[in-house]
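With my numbering applied, the sequence shown corresponds to residues 21 to 214, in that order.
Backbone N, C-alpha and C define an ideal beta-carbon position, used for all residues, glycine too.
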Amino acid sequence: MNDEFKTITTIGEGFYSEKRSKFLAFAHHVDTLDEVKMLLADYRKKYYDARHVCYAYMLGADRTDFRANDDGEPSSTAGKPILGQINSNNLTDILIVVVRYYGGVNLGTSGLIVAYREAAADAIAHTTIVTRQVEELVTYDFPYVMMNDVMRIVKEVQPRIVSQTYDNTCQITLAIRKSEAQRLREKLQKLSFE
Numbered sequence: 021m022n023d024e025f026k027t028i029t030t031i032g033e034g035f036y037s038e039k040r041s042k043f044l045a046f047a048h049h050v051d052t053l054d055e056v057k058m059l060l061a062d063y064r065k066k067y068y069d070a071r072h073v074c075y076a077y078m079l080g081a082d083r084t085d086f087r088a089n090d091d092g093e094p095s096s097t098a099g100k101p102i103l104g105q106i107n108s109n110n111l112t113d114i115l116i117v118v119v120r121y122y123g124g125v126n127l128g129t130s131g132l133i134v135a136y137r138e139a140a141a142d143a144i145a146h147t148t149i150v151t152r153q154v155e156e157l158v159t160y161d162f163p164y165v166m167m168n169d170v171m172r173i174v175k176e177v178q179p180r181i182v183s184q185t186y187d188n189t190c191q192i193t194l195a196i197r198k199s200e201a202q203r204l205r206e207k208l209q210k211l212s213f214e
């Protein structure tokens, strides 16, 4: 089970120029489709005078939610090369926007593909790539007298404590790497039967 994924943490900016056409690229970390839509709206507003605002995004640790958009460029000459850079770096939770200012000379399909690919690659090169773990939440209810036993398991397995309430009945919510979640559940369940 793969419970790791790569993403970016900083905004990366890239640039490519060919026959007076300028390609400005921006790579952003995003978590939701709403963030993608908001950033795209911002870029379209900021670069209202640009000929094309093309993009590609990839969301989720399983990398199944993605889209590439050519924004009026010939089919598959902009969005696909941008998405190709996301895939070749095995990234997710990322949006890359490439803004094109037309220079008056047509680049042809192969020229466009190279330009969008290189601009996206330059944006990725100017960001920080990190590896993150897919986490799963484990919630456990227990009587207060079991507090020391529960905390001993927390110390041993080292999940991240998300929330905890202490009363007659206590509840603790823990976040742990997905591959370790079942082991944590089993250890906590054993406490209930001791």
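Distance CB(residue 79)-CB(residue 117) smaller than 8 angstroms | Against a cut-off of 8 angstroms, the Cβ pair of residue 117 and residue 79 comes out as no contact.
Sub-8 angstroms separation of residue 26 and residue 110 beta-carbons = Yes, they are a contact pair.
Counting Cβ pairs, one atom from each stretch, are 3 or more of them under 8 angstroms apart for the stretch 181-200 and the stretch 150-166?
-> The stretch 150-166 and the stretch 181-200 touch, with three or more beta-carbon pairs separated by less than 8 angstroms.
Could I get the ranges of all uninterrupted alpha helix (DSSP H) runs contained in the stretch 129-195, with 4 residues as the minimum, in chain order?
-> Fully enclosed alpha helix (DSSP H) runs of 4 or longer: 167-177.
Contact under 8 angstroms by Cβ, residue 147 with residue 24 = Here residue 147 is not near residue 24, since their CB atoms are 8 angstroms or more apart.
Beta-carbon spacing of residue 70, residue 120 below 8 angstroms | Cβ atoms of residue 70 and residue 120: closer than 8 angstroms.
Look at residue 158 and residue 179 and say whether their C-beta atoms are less than 8 angstroms apart.
-> Yes. Within cutoff.
Reduced DSSP category for residue 127 - H, G, I as helix; E, B as strand; rest coil | Residue state for residue 127 is assigned as coil, using DSSP reduced to three classes.
Buried versus exposed, by CB contacts within 10 Å (16 or more), residue 112 | Counting other Cβ atoms within 10 Å of its Cβ, residue 112 reaches 16 or more and is therefore classed as buried.
Whole angstroms is fine: what's the gap from residue 21's alpha carbon to residue 139's?
-> With a pLDDT of 49 at residue 21, under the threshold of 50, the modelled position of that residue is not reliable, and no figure is offered here.
Proximal residues to residue 212 (C-beta, below 8 angstroms), its chain only, five neighbours per side dropped = If we look at residue 212 and ignore the five residues flanking it on each side, its Cβ neighbours are 162.
Counting only the same chain and skipping the five closest in sequence on each side, list residues whose C-beta sits under 7 angstroms from that of residue 207.
-> These residues qualify, in order along the chain: 173, 177.
Three-state secondary structure (DSSP) of residue 21 = Model confidence at residue 21 stands at a pLDDT of 49, short of 50, so the residue's coordinates are unreliable and nothing is read from them.
Pull up the CB-CB distance for residue 2 and residue 141, whole angstroms please, since I reckon it's below 8 angstroms.
-> Only positions 21 to 214 of the chain appear in this structure, which leaves residue 2 out of reach.
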